[in-house]
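Trainee: The following block contains the structure, expressed as structure tokens.
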């Protein structure tokens with residue numbers, strides 16, 4: 027469009043927009059070249075371009091945008107300009123939700139719309155700006171008198187609105203500041219020393235709203251330690267040569283309640299042409315919480331600065347905002363160094379820095395924290411120092427937006443040395459234990475062999491003693507007197523007890539091992555077989571056994587058989603004279619919730635062997651399982667005191683346990699606990 031011949035008048039001027047439109051490639055525009063534009067569009071553009079009032083035009087189905095030089099400043103330096111020839115959706119995409127419906131309304135109804143000081147922010151000058159407009163949208167028609175566009179006559183009123191806001195803020199600032207900041211206000215007449223104050227200040231002093239305040243009352247409400255200092259500060263403020271400014275902190279006390287407040291008084295004196303103070307007014311702010319917080323912050327600062335751990339704050343731009351004394355020493359930073367100018371890369375190896383960027387910072391920003399073992403590099407020595415790092419995201423308390431990362435790092439060099447030493451000791455101890463275990467296995471094997479051989483060697487002379495005694499009884503018993511016969515009876519009893527003891531010791535030795543092959547053991551079959559073998563004793567003691575259905579478990583068959591044989595034999599042995607013996611065997615599955623004797627959350631078969639024999643005192647519930655533990659004399663009840671110890675060993679071999687409940691002259695109950703996973 028460099029040729030100026032036959033151009034519409036609005037394109038022939040030297041304005042910014044006319045120059046822009048002449049140089050544009052209109053072939054890409056939805057409405058094509060200006061040579062083919064309808065007369066109505068040319069006429070409207072001629073009016074718009076010649077106006078000194080800001081105007082904008084949306085034309086055609088695509089709502090192609092046009093505007094004049096007067097509107098151009100409203101688009102800013104870096105924003106929507108140039109928007110000439112572009113569609114409305116393209117130019118005004120950020121506020122289309124607002125202007126789109128307005129344009130549709132005007133083009134559909136033909137009725138204009140008008141807004142005054144309307145807030146319509148959009149992108150310009152490189153950012154979204156808060157902008158206010160007074161504007162009207164009016165329909166424009168084409169050559170056939172059909173609505174084909176919308177003309178916008180507008181003026182930006184941002185400056186006016188902002189000015190009114192400032193005026194309104196200025197008018198309300200004082201009252202707002204008083205209410206929002208909970209300030210007390212005062213106005214002193216220097217000549218009369220009388221105060222005019224708001225109700226809040228009077229309340230702090232313990233005065234009623236209608237009370238007048240004299241300067242002496244105000245001074246009297248101050249802490250005694252503050253009065254002289256405040257009085258001197260007031261005198262200085264009332265001296266023209268000081269400028270009249272007043273700023274002091276002190277403590278006041280409520281005359282009624284005694285409540286103390288720390289306040290900050292700020293004010294200014296006004297002077298006449300004679301440099302005499304004619305007015306002295308200002309505010310009183312309760313800063314009790316601030317002073318306490320300030321003191322707490324001071325204490326915290328002392329704590330942080332004297333901590334032996336590295337404490338630091340990293341800003342989101344990657345610069346250090348704070349590093350405490352211990353941290354500087356650990357990182358090799360001089361106390362006077364500007365930490366904000368030291369890149370964090372100086373404290374890490376490339377691998378560590380990559381981990382910080384890829385793992386730690388993303389975790390802190392997404393979850394709010396990260397902790398784990400880490401390492402830093404001392405900038406002076408180059409030493410890589412292992413640490414335990416605990417990071418937390420720091421958020422703006424008002425907006426919740428992250429503003430930094432706080433970290434506490436503990437030097438774990440001594441801890442790692444101790445850990446390594448402990449691991450070394452554990453490893454050495456483990457090797458020792460393995461050796462001891464192997465030695466124990468060897469000794470157990472030797473002990474088993476010794477027990478077998480010993481039992482055989484000990485049984486042999488006992489058998490010979492029995493043989494010789496039998497021969498003497500057969501050949502010479504008639505010639506012996508009664509004392510000798512008694513002696514021979516005692517010898518035979520002792521030999522029998524010795525044989526029983528050796529047999530029980532051998533059984534106990536065998537019960538100390540769980541290396542036998544495990545198999546499925548049907549407890550019902552085991553108990554039935556034992557009852558058949560003990561049928562004579564059942565008849566002799568007039569005993570009856572009530573057997574419930576028992577489970578099948580995984581175990582060592584001969585040990586399980588010995589277990590139940592010992593318990594049933596025990597019941598038969600300790601029956602009560604003159605009473606029919608009743609033996610019951612019950613089974614149920616129990617857990618820690620249903621049986622308090624189960625030590626964890628496991629599941630067990632609890633098999634109970636119950637009798638109504640002589641029982642025993644409950645004090646022996648645990649002691650009864652000790653080796654050679656007897657509750658009755660050998661003359662009263664035969665036995666070696668090993669049987670129940672064997673039962674305990676067998677239960678331990680099956681990862682279970684046994685417990686007893688005795689009731690003297692009422693019977694005994696033995697509970698067997700087999701883990702269900704074994705069955």
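Residue numbers (our numbering): 27 to 705. Here a beta-carbon is modelled for each residue, glycine too, at the ideal position from N, C-alpha and C.
#1: Near residue 592, what residues of its chain come up, given a Cβ to Cβ distance below 8 Å and the 5 sequence neighbours on each side ignored?
#2: With a 10 Å radius around its C-beta and 16 neighbouring C-beta atoms as the bar for buried, classify residue 35 as buried or exposed.
#3: Give the DSSP-derived three-state secondary structure of residue 702 in the structure shown.
#4: Using the beta-carbon count (16 or more within 10 Å), is residue 552 buried or exposed?
#5: Buried or exposed: residue 151, going by 16 or more other Cβ atoms within 10 Å of its Cβ?
#6: Does the distance from the C-beta atom of residue 697 to that of residue 634 stay below 8 Å?
#7: DSSP state of residue 103, grouped into three classes?
#8: Which residues mark the beginning and the end of the beta strand (DSSP E) in which residue 612 is found?
#9: So, at 6 Å on beta carbons, what are the nonlocal neighbours of residue 432 in its own chain, with the 5 sequence-adjacent residues on each side left out?
#10: My output table needs one value for residue 63: the three-state DSSP class, helix, strand or coil.
#11: With which residues is residue 288 paired in a DSSP beta bridge?
#12: Strictly by DSSP, which residues pair up with residue 691?
#13: Assign residue 29 to one of three DSSP states: helix, strand, or coil.
#14: Starting from residue 123 and walking both ways along the alpha helix (DSSP H), at which residues does that stretch end?
#15: If you count every other CB in all the chains shown that lies within 10 Å of the CB of residue 190, and 16 or more means buried, which is it?
#16: Does any CB atom of chain B fall closer than 8 Å to the CB of residue 563?
#17: For residue 406, which of 594, 427, 675, 354 has the nearest alpha-carbon?
#18: For residue 305, which residues of its own chain have a beta-carbon under 6 Å away from its beta-carbon, when the five flanking residues on both sides are left out?
#19: Alpha carbon to alpha carbon, what distance is there between residue 343 and residue 277?
#20: Assign residue 703 to one of two classes, buried (16 or more other C-beta atoms within 10 Å of its C-beta) or exposed (fewer than that).
#21: What is the DSSP secondary structure of residue 35, counted as helix, strand or coil?
#22: Rounded to the nearest angstrom, what separates residue 341 and residue 403 at their Cα positions?
#23: Hey, would you say residue 86 sits closer than 8 Å to residue 174, going by beta carbons?
#24: Looking at the unbroken beta strand (DSSP E) that takes in residue 91, where does it start and where does it end?
#25: Who does residue 144 pair with in a DSSP beta bridge?
#26: By a C-beta neighbour count over all protein chains shown, 10 Å radius and 16 as the cutoff for buried, is residue 615 buried or exposed?
#27: Would you mind reading off the limits of the beta strand (DSSP E) that contains residue 248?
#28: Between the alpha carbons of residue 582 and residue 565, how many angstroms are there, rounded?
#29: I need the DSSP call for residue 226, collapsed to helix, strand or coil.
#30: Could you give the C-beta distance for residue 397 and residue 416, rounded to a whole number, given that I count them as a contact under 8 Å?
#31: Pick from 630, 677, 688: whose alpha carbon is nearest that of residue 649?
#32: Secondary structure at residue 311, three-state DSSP: helix, strand or coil?
#33: Give me, in chain order, the residues of the same chain whose beta-carbon lies closer than 7 Å to that of residue 386; leave out the 5 immediate sequence neighbours on both sides.
#34: In three-state terms, what does DSSP make of residue 50?
#35: DSSP three-state label for residue 566, please.
#36: Please report the straight-line C-alpha distance between residue 284 and residue 347, rounded to a whole angstrom.
Mentor: Taking the structure as given:
#1: 669, 670, 672, 673
#2: exposed
#3: Helix at residue 702.
#4: buried
#5: exposed
#6: yes
#7: Reduced to three states, the DSSP call for residue 103 is coil.
#8: 607-617
#9: Once the five neighbours on either side are set aside, the close Cβ partners of residue 432 are 339, 418, 420.
#10: coil
#11: 277, per the DSSP bridge assignment.
#12: Residue 691 pairs with nothing; no bridge assigned.
#13: For residue 29, the predicted structure reports a pLDDT of 43, less than 50, and the residue's modelled location is therefore unreliable. A value from the coordinates is still provided. Residue 29 falls in the coil class under three-state DSSP.
#14: 122-135
#15: exposed
#16: Reference to chain B is not applicable here, since this structure consists of a single protein chain.
#17: 354
#18: 296
#19: 42 Å
#20: Its Cβ having fewer than 16 others within 10 Å, residue 703 is exposed.
#21: helix
#22: When rounded, the distance between both Cα atoms is 20 Å.
#23: yes
#24: Segment 90-93, the beta strand (DSSP E) holding residue 91.
#25: 159
#26: exposed
#27: That residue, residue 248, is in no beta strand (DSSP E); it is neither H nor E in DSSP.
#28: 30 Å
#29: helix
#30: 5 Å
#31: 688
#32: strand
#33: 396, 417
#34: Reduced to three states, the DSSP call for residue 50 is coil.
#35: In this structure, residue 566 counts as helix in the three-state DSSP scheme.
#36: Approximately 43 Å between the Cα atoms of the pair.
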